[in-house]
Amino acid sequence: PHFIIQVPEKDDAICFNIDEDPGTVLRLIQDPVTGLTVNGQIIGDKAGSPDSKARKTYFGKLGIANTHVSSRIEVTPEKITLWNGDTPSTFSWLDTVTLTQDGLSVKINKKKNMVISFGDGVTFVVILHEVWKKQPAHHDFLGFYVVEGHRMSAQTHGLLGQFFHPFDYEVFDIHPGSDPTKPDATMLVKNHRLTVTRGSQKDYRKDASIGRKVSCWFVHNNGQGLIDGDHRDYIVPALF
Amino acid sequence: LPEGVVNGIEVYSTKVSCKVTSRFAHNVVTTRAVNRADTAKEVSFDVELPKTAFITNFTLTIDGVTYPGNVKEKEVAKKQYEKAVSQGKTAGLVKASGRKLEKFTVSVNVAAGSKVTFELTYEELLKRHKGKYEMYLKVKPKQLIKHFEVITCCCSPANPAGWESRVQSHTLELGGAALIEISIFLPQGRVSFKPSLDQQRSCPNCTDSLLDGDFTITYDVNRESPGNVQVINGYFVHFFAPQGLPVVPKNVVFVIDISGSMQGRKMQQTKDALLRILQDVKEDDYLNFILFSSDVTTWKESLVQATPQNIQLAKEFVKNIKVEGATNINDALLRGIEMLKKAREEHLIPERSTSIVIMLTDGDANTGESRPEKIQENVKKAIDGEFPLYNLGFGKYLNYNFLDSMALENNGFARRIYEDSDADLQLQGFYEEVARPLMTGVEVEYPHNDIQDLTQNTYQHFYDGSEIVVAGQLVDKDMSHFKADVKGHGALNDLTFTEDVDLEEMEKARKEQDYIFGNYIERLWAYLTIEQLLDKRKNSHGEEKENLTAQALELSLKYHFVTPLTSMVVTKPEDNDDQTAIADKPGDDPSASSVVPVMAYQVSYQPPQVTYVDGD
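As you go down the protein sequences, you meet chains A and B in turn.
Residue 91 in our numbering sits at position 59 of the first sequence, and the numbers go up by one each step.
Residue 112 in our numbering sits at position 53 of the second sequence, and the numbers go up by one each step.
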């Protein structure tokens, strides 16, 4: 999956990929104070290429939980399940439905997206990416966006969560790279000096098929040096 | 005599043709017969149709001359009917027949060598119970029929999302599977039953028919989305049945009649049913029993949670119920209602839970407050719209209209429990229907300025396996889209389901589906509106009742429905109105068939003068 970190202070963005085997679950957000966690499980192409470089991976399942109130939301491209304790409620992506309960609001927009808000100050959006049913290579997959996170605590961590806190970086020495359309540069971040490449990713919040181009500095090697520790540190055994 | 001729009459064709579109069934039963005898003979036409159906047409064709049925206001029809009865020369009529059916019977004398064709049309909205729709036909021809055929077709307009109906399952219990062809071409399902003469024979050389059975088709629609709106010619219908929601915990008070008349099998069956119901009660639920005879006694002072221990105690209690005394419905119901209200006020039951009163009685109130209208008034005032009341009327000797009316005005319904070997299963079956509320306080909302003549759009409960159906008209037929919201409270959260209806896209899809009847949705709307007006009418008085009657009558006449307000009259004008066939709706009184003047159902027919040559 592709990760895009927008840095409004610099009016710029940083991006990286995490390449892991299908089935791997990654911790995206964990906040011990609010009790919110978001994990994502990776799926691969239909063909399941053994060559990890050629393989494309996506998020096929997302688990959003608030441990303080024992509520969980499991999202797949097929269905959406909300758990309150042990009691599930199941919805399809063909529903347009709004659910409200104490401190949680979920809106599913038929075949497009779902907006999950935990009170004021934490809002996530999950985008449904549908591929042509007879597409030989790819599965339907999910996109995950944090549109509001100011109520998350300073202890929030995870592949995305660690970037909720202000952080600084510097990019300099922009020079031609191996691809003439994508210059390389040096990034100084978290006391690491990294070689990054100018590229672009897409923000699909407004339109799940076309998307909006977001220019970003791409950090190679699974975000190594940008993320705290190694990307394997974020692998967790289960969605919840 | 040719095969299939009995007493000179050959019934050479009977065809039952059923078409279900959007749960609205259109059924046509056609029988053709010829009198092979050399004198005039009587030919009978019997059809058993569901009580919930409305007859819409009947025609009698004798030697090529068709005598159509006319739907008239009951009073107008009655005048013709009474005149004919007084002359001893009428009529065809409909009688209640068993639990689910009404029997339409017409007899006509047919001249030697003459042919007669009977054609009866009736329509019905199939309602979803326990996750399925059921189309039911009674098949019992009186003699062998050369061309006997039942064809049913379930289809539905595909909507733009392309997910609508498909037949998922069939249950057929008739004469052996070899006689039945089932073909499913999604989204249509077709079932054909066409036994040959030999297949109909009860034995190789017999002339009587072995066909005597129930032809039942059960199906459900493929439901990927909880709602579906269909619009045709400015009328719309909105089906809503969400799945995957957790069950809302319920607080049930069973108000059980233990008066002397319940003695014996009725009490035993009641106990058996309650014991089985107790096995199915969920631990989240709360319950209590209120027993009434001359006095009212309760199992516990207040509602108790259905823990395993309490369920065990409840079973012991039920096993030891004894019958005694008279029937005090008023005090028992008021006690149950008060108990539920108190439990809510004192927070003894979960905040997100729903309350239900289920009363079972086998007779009329005869002690305490025994005036039905006063009991109704007291109960309505006590419940005050907070929860539904369901009344189960056990056996024949009770005022069912009172139970029905009281349940309807308290957002529930009444159900007759037939005194039979399966009464316990009927009781349990009823409980299962209301045991799984998935939403409460359901309200279906449309934009006020765009929609008119809506059928009922608020429901106290949505039960798992049922379906909410709302129909209405668009103010502007040319509008391009509208939005429908279904709001309600679930077990865990408040829910709003939204349907965005794109009329242009729907019209495009509709044009591609040539099997849809053009006015189907309009007739469904009319059926539902009449049905609901008649229900409302049961609890209205004075001017309001007159208005409701007038509206229901106007629609019944406009859409040619035989409802409790109308009759269908078939006359032969050239015979000086001495042949009058009347089709009436008999209502839900099982004893009605012995009350209405059933003695007058034979048509006297003067055979026309025919010059006729026969080879022999």
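We put the beta carbon where it would ideally sit given N, CA and C, even for glycine.
Practice problem: Name the two residues that bound the continuous beta strand (DSSP E) containing B/N450. | Solution: In the second sequence, counting from the first residue as 1, residue 450 of chain B sits at position 391. Its beta strand (DSSP E) spans residues 448 to 453.
Quiz item: Looking at the unbroken beta strand (DSSP E) that takes in B/Q289, where does it start and where does it end?
Solution: Along the second sequence, one-based indexing puts residue 289 of chain B at 230. It spans 286 to 291 - the beta strand (DSSP E) in which B/Q289 sits, taken as one unbroken run.
Quiz item: Along the region 531 to 565 of chain B, what residues have a CB closer than 8 Å to any CB found in chain A?
Solution: Only those residues of the region 531 to 565 of chain B whose C-beta falls short of 8 Å from the nearest C-beta of chain A are listed: G549, A550, L551, N552, D553, L554, T555, F556, T557, E558, D559.
Quiz item: Would you say B/E283 faces chain A, with C-beta separation under 7 Å as the test?
Solution: By 1-based counting over the second sequence, the position of residue 283 of chain B is 224. It does; some Cβ of chain A falls within 7 Å.
Practice problem: With 7 Å as the threshold, decide whether the Cβ of B/G303 is near any Cβ in chain A. | Solution: Along the second sequence, one-based indexing puts residue 303 of chain B at 244. Yes, because at least one Cβ of chain A sits closer than 7 Å to the Cβ of B/G303.
Exercise. Have a look at B/D509 and B/K110 and give me their C-alpha separation to the nearest angstrom.
Key: Stepping through the second sequence from its first residue, residue 509 of chain B is reached at position 450. Stepping through the second sequence from its first residue, residue 110 of chain B is reached at position 51. Distance from the CA atom of B/D509 to the CA atom of B/K110, rounded to whole angstroms, is 34 Å.
Self-check item: Neighbourhood of B/Q515 by C-beta, 6 Å cutoff - its chain only, sequence neighbours within 5 removed
Solution: Counted from its first residue, the second sequence places residue 515 of chain B at position 456. If we look at B/Q515 and ignore the five residues flanking it on each side, its Cβ neighbours are Q591.
Exercise. Please go through the same chain and pick out, in chain order, the residues whose beta-carbon is closer than 8 Å to the beta-carbon of A/T229, but skip the five residues on each side of it.
Key: Taking the first sequence and counting its residues from 1, the one referred to as residue 229 of chain A is at position 197. Correct list, in chain order: G209, D211, K214, P215, D216, A217, W249, F250, H252.
Practice problem: Count the C-beta pairs between the region 101 to 115 of chain A and the region 165 to 180 of chain A that are closer than 8 Å, then say yes if the count reaches three, no if not. | Solution: Yes, since at least three Cβ pairs between the region 101 to 115 of chain A and the region 165 to 180 of chain A fall closer than 8 Å, the two stretches touch.
Quiz prompt | Start-to-end residues for the beta strand (DSSP E) that takes in B/S251 | solution = Locating residue 251 of chain B in the second sequence gives position 192, counting from the first residue. First-last of the beta strand (DSSP E) with B/S251: 247 to 252.
Quiz prompt | Nearest candidate by alpha-carbon position, reference B/T180, set B/E107, B/R249, B/I408, B/A482 | solution = For this step, residue 180 of chain B is matched to residue 121 along the second sequence. Check the Cα spacing between B/T180 and each of B/E107, B/R249, B/I408, B/A482: the tightest is with B/E107.
Exercise. Reducing DSSP to helix, strand and coil, say where A/M184 ends up.
Key: Mapped onto the first sequence, residue 184 of chain A falls at position 152. Three-state result, A/M184: coil.
Self-check item: Length of the line joining the Cα atoms of A/E162 and A/D172
Solution: If you number the first sequence from 1, residue 162 of chain A lands on position 130. If you number the first sequence from 1, residue 172 of chain A lands on position 140. Rounded to the nearest angstrom, the two C-alpha atoms are 5 Å apart.
Quiz prompt | Test: B/H297 CB closer than 7 Å to a CB of chain A | solution = To locate residue 297 of chain B, count along the second sequence from 1; it is residue 238. Closer than 7 Å to the CB of B/H297 there is not a single CB belonging to chain A.
Quiz item: Do B/I476 and B/Q487 come within 7 Å of each other at the CB atom, strictly closer than that value?
Solution: If you number the second sequence from 1, residue 487 of chain B lands on position 428. If you number the second sequence from 1, residue 476 of chain B lands on position 417. No.
Quiz item: Can you list, in chain order, the residues of its chain whose CB lies under 6 Å from that of B/K138, leaving out five sequence neighbours each side?
Solution: To locate residue 138 of chain B, count along the second sequence from 1; it is residue 79. Within the same chain, and ignoring the five residues on either side of B/K138 in sequence, no residue has its Cβ closer than 6 Å to its Cβ.
Practice problem: State yes or no: is the C-beta of B/F489 nearer than 6 Å to some heavy atom of the ligand PLP? | Solution: Absence of the ligand PLP is noted for the structure shown, with no ligands found whatsoever.
Quiz item: Quick one: is A/L131 near chain B, going by C-beta distance under 7 Å?
Solution: Mapped onto the first sequence, residue 131 of chain A falls at position 99. Interface residue, yes.
Exercise. Output yes if chain B places a C-beta closer than 7 Å to the C-beta of A/T108; else output no.
Key: What you label residue 108 of chain A is simply residue 76 of the first sequence in a count that begins at 1. No, A/T108 lies away from the interface with chain B (no Cβ there is under 7 Å from its Cβ).
Exercise. Consult DSSP for B/A402 and reduce its assignment to one of helix, strand or coil.
Key: Here residue 402 of chain B corresponds to residue number 343 of the second sequence, with the count starting at 1. Under the three-state reduction of DSSP output, B/A402 falls in the helix class.
Self-check item: chain B contact for A/S124 (CB, 7 Å cutoff)
Solution: Position 92 of the first sequence, counted from the start, is the residue given in the question as residue 124 of chain A. Using a Cβ-Cβ cut-off of 7 Å, A/S124 counts as an interface residue toward chain B, since at least one Cβ of chain B sits closer than that to its own.
Practice problem: Mind the definition here: the region 518 to 525 of chain B touches the region 85 to 98 of chain A only if three or more C-beta pairs lie below 8 Å; say whether that holds. | Solution: With fewer than three CB-CB distances shorter than 8 Å, the region 518 to 525 of chain B does not count as touching the region 85 to 98 of chain A.
Quiz item: Relative to the C-alpha of B/D421, which residue among B/V153, B/H520, B/K325 is closest?
Solution: For the purposes of this step, residue 421 of chain B is taken as residue 362 along the second sequence, with counting starting at 1. Nearest C-alpha to B/D421: B/K325.
Exercise. Would you mind working out which of B/L551, B/V628, B/L614, B/R282 sits nearest A/S124, comparing C-alpha positions?
Key: Along the first sequence, read from residue 1 onward, the residue named residue 124 of chain A stands at position 92. Comparing alpha carbon positions, the residue from B/L551, B/V628, B/L614, B/R282 closest to A/S124 is B/R282.
Exercise. Spatial neighbours of B/Y294 within its chain, please: CB distance less than 6 Å, with the 5 preceding and 5 following residues excluded, ordered by chain position.
Key: Residue mapping note: residue 294 of chain B aligns to position 235 of the second sequence, counting from 1. Within the same chain, B/Y294 has close Cβ partners Q532, I580, E581, W584.
Quiz item: The beta strand (DSSP E) spanning B/E613 covers which residue range?
Solution: The residue you call residue 613 of chain B lines up with position 554 of the second sequence. That residue, B/E613, is in no beta strand (DSSP E); its alpha helix (DSSP H) goes 601 to 618.
Practice problem: Give a yes or no on whether 7 Å exceeds the smallest Cβ distance from A/D127 to chain B. | Solution: In the first sequence, residue 127 of chain A corresponds to position 95, counting from 1. Answer yes: the Cβ-Cβ gap between A/D127 and chain B drops below 7 Å somewhere.
Exercise. Specify the secondary structure class of B/P219 as computed by DSSP and reduced to three states.
Key: Here residue 219 of chain B refers to the residue found at position 160 when the second sequence is read from its first residue. Caution is warranted here: a pLDDT of 32 is assigned to B/P219, below 50, making its placement in the model unreliable, and the coordinate value is therefore given only provisionally. When secondary structure is reduced to three states using DSSP, B/P219 falls in the coil class, being assigned neither helix nor strand.
Quiz item: Do the region 109 to 125 of chain B and the region 174 to 188 of chain B meet, that is, are 3 or more Cβ pairs less than 8 Å apart?
Solution: Counting Cβ pairs under 8 Å, three or more are found: they touch.
Self-check item: Exposure label - B/E342; buried when at least 16 CB within 10 Å
Solution: Within the second sequence, the letter at position 283 stands for residue 342 of chain B. Exposed, by the Cβ-count rule.
Self-check item: Alpha-carbon spacing of B/F453 relative to B/T555, whole angstroms
Solution: For the purposes of this step, residue 453 of chain B is taken as the residue at position 394 of the second sequence. For the purposes of this step, residue 555 of chain B is taken as the residue at position 496 of the second sequence. Going by the C-alpha atoms only, they are around 39 Å apart.
Self-check item: Residues bridged to A/F176 [DSSP beta-bridge criterion]
Solution: Locating residue 176 of chain A in the first sequence gives position 144, counting from the first residue. Bridge partners of A/F176: A/V158.
Practice problem: Report the rounded CA-to-CA distance for B/Q327 versus B/T622, giving the unit in angstroms. | Solution: Translated into positions along the second sequence, residue 327 of chain B becomes position 268. Translated into positions along the second sequence, residue 622 of chain B becomes position 563. Distance between the alpha carbons of B/Q327 and B/T622: 38 Å.
Practice problem: Could you tell me the boundaries of the alpha helix (DSSP H) in which B/K91 lies? | Solution: As a position in the second sequence, residue 91 of chain B is number 32, starting the count at 1. Note on identity: in this sequence residue 91 of chain B is Arg, with Lys being the wrong assignment. Judged by DSSP secondary structure, B/R91 falls outside any alpha helix (DSSP H) and instead within the beta strand (DSSP E) spanning 83 to 94.
Quiz item: What's the gap between the Cα of B/F348 and the Cα of B/K359?
Solution: Against the second sequence, residue 348 of chain B aligns to sequence position 289. Against the second sequence, residue 359 of chain B aligns to sequence position 300. B/F348 and B/K359 have their C-alpha atoms spaced approximately 7 Å apart.
Self-check item: A/N49 beta carbon less than 7 Å from that of A/R59
Solution: The sequence position of residue 59 of chain A within the first sequence is 27, counting from 1. The sequence position of residue 49 of chain A within the first sequence is 17, counting from 1. Going by C-beta atoms, A/R59 is not nearer than 7 Å to A/N49.
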